[in-house]
Structures are given as C-alpha cells and as structure tokens.
Amino acid sequence: MSLSGLGDTGKAQPPPALFPAPESDTPTSGRRRGGAPQNRSSQDGPGQQSDDAGRQLVFFGADAAEPTVADLAGLLAGPGEVVRMGGTARLSVQVDAAWRVHVLVAELASRGLAASWEPTEGARHAVRTSYTRVLKPLAAAWLHGTTKRPPAAFHLTGRRLRLWLAAAGTPEPPDCFLLRLGADDKECWEPIGVALASAGLAGTLLGPGWGGPAYRIAGRRRLARLAELVGGAPDAAPADAWPTRP
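According to the numbering used here, the sequence shown is numbered sequentially starting from 1.
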C-alpha cells in the first residue's frame, strides 16, 4: 500500500480509514516542503537556558535546519533498519500506531523519499522506503556486514530525535519518556546512550525484561530539554504522545 505524501499522484490510493486525518481540534502548525508538519517555533527554543521572552532556536534543535537524509539516522538510533542491495539501500521501521505512519511518511517525503506502508502482526505497521542510491551512504555508515552499529562520530540532533520519537517514543506519566531501541541491536544500545547524554538527555537503559529495550528519560528538566529539541507535536500525533515545553 502506498502512502507517499509526495504529491505525485492524483492516482494514488487515499489512506484507508485505519489512518484518519488529524482531528479538527488538533493545533494547526505551518507546513514545510513536501507537506510535512512544521512547527512555528522560531522564537521558542533556548540555545542556552533563558526566560521564555528571550528564547532562541535550540542549537541542533529540530527547527534549526532544513530536513536532510542524514536525519534518518534518528530512526536507526531506535528500531529502524537499513539493508543494502547492490548500490542501493532501503530504510524500514515498524511502528505501533497509525499516527506514526502519517508522521513518518510525511517526514520521508520532505526529504525526497517515497514511502509505503503495510499492516503487520500485533496491530503494528511497517513503513519503508524504496531501494535508492540516496540511502547508500547511510547504510555504509551504519552497517558492519549485516550488523547495525552507530558510526564513531554519531550524535543526536533535534531532527534525528524528532524522527526517533515519532517512530518509537512513548510517554510515561508524569515525568518520564521512553525512547525505544531495536530489540536485536545490542551493539547500538551503549553508544546511543552516550549520544543521548551528550545531547543533555542522559537516560536509564531498560532491558527487555524491564519494558525495554529503551532509554527512559526522566525528570521535568530533561523532558523540557527533549521538548525543546524535537519541536512541537506533528498534526497527526495525539496531544499526550509528544513532550511539551513547560
């Protein structure tokens, strides 16, 4: 099933009822290229701690730069997978909610990548790109044979965190947020934790027996930092599924 979001089709099949449009009372945000939601927050993210009235864009925040293919490393920090075929590569991720499909397809479209989706077992959905040479550098950086591992210089920007959160972020009220990891990506878990800490989001690694694998980001200060980095909620996201600025 195709849900490309690229505007390349008056012939494209519309999203089925499983993927409804955002509710009418969802806060409306601006739009960036490709139809993906964009947050009007050019004045509300501090690069350094400061009063709300004097906020600037967060350095490395989601609103600080145009979307690029390199941002998709955020999906690989979580449960995303990349595979190679010849001189091309394909990115895929399984998600647990319909709204995530909407958001990810729009995010991929904003980077010039068509995506398709299909339902999988356990009321989950697989989102994947086509095989493309555009993703070859990402695959080369992350794959060691068939094993996924972050490159040595890996770091987390706001756009990378936004994609990770859209694919696999789960709130734990009142003051925690889980960022889920790939169950078979044990070699990634520790370096991803280092990257989180470097972004000011030091978290606790939860193993599979404790509701993981995932990093738990706990405390109001860290959640505020996460909210600043990832920007406002996409239109399709439920209000309680996204971190909010205090």
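Every residue, glycine too, gets a C-beta built ideally from N, C-alpha and C.
In this model, ARG180 and GLY86 are separated by some 30 angstroms (Cα to Cα). Nearest to ILE217 by alpha-carbon distance, out of ALA233, GLY209 and ILE192, is ILE192. Assignment of beta strand (DSSP E) within the segment 189-241, counting only whole runs of 3 or more residues, yields 204-206 and 214-218 in chain order. Cβ contact annotation for ALA168 (same chain, cutoff 6 angstroms, sequence separation greater than five): GLY78, PRO79 and ARG180, in chain order.
Straight-line spacing of the CA atoms in ALA241 and LEU178 works out to 11 angstroms. When the beta-carbon positions are compared, LEU138 and LEU91 come within less than 9 angstroms of each other.
Rounded to whole angstroms, TRP99 and ARG159 show a C-alpha spacing of 18 angstroms. Per DSSP, the beta-bridge partners of PHE177 are PRO171 and ILE217. Short of 6 angstroms from the beta carbon of GLY203, and not among the five residues preceding or following it, lie these beta carbons of its own chain, in chain order: LEU196, TYR215, ARG216 and ILE217. Pairing VAL82 with ALA106, the inter-Cα distance amounts to about 19 angstroms. GLU118 has ALA126 as its beta-bridge partners, per DSSP. In the DSSP assignment, GLU81 falls within the unbroken beta strand (DSSP E) covering 81-85.
Here DSSP, grouped into helix, strand and coil, assigns HIS144 to strand. If you look at LEU104, you'll find it in the alpha helix (DSSP H) that goes 98-109.
Annotation: ALA73 to PRO208 spans about 23 angstroms, alpha carbon to alpha carbon. Annotation for LEU91: the continuous beta strand (DSSP E) segment containing it runs 88-95. According to the DSSP secondary-structure assignment, THR157 is paired through a beta bridge with no residue. Nearest to PRO174 by alpha-carbon distance, out of PRO150, ARG221 and PHE154, is ARG221.
ALA227 places its beta carbon less than 9 angstroms from that of PRO243.
Its Cα nearest to that of LEU206, the residue GLU190 stands out among TYR131, GLU190 and ALA233.
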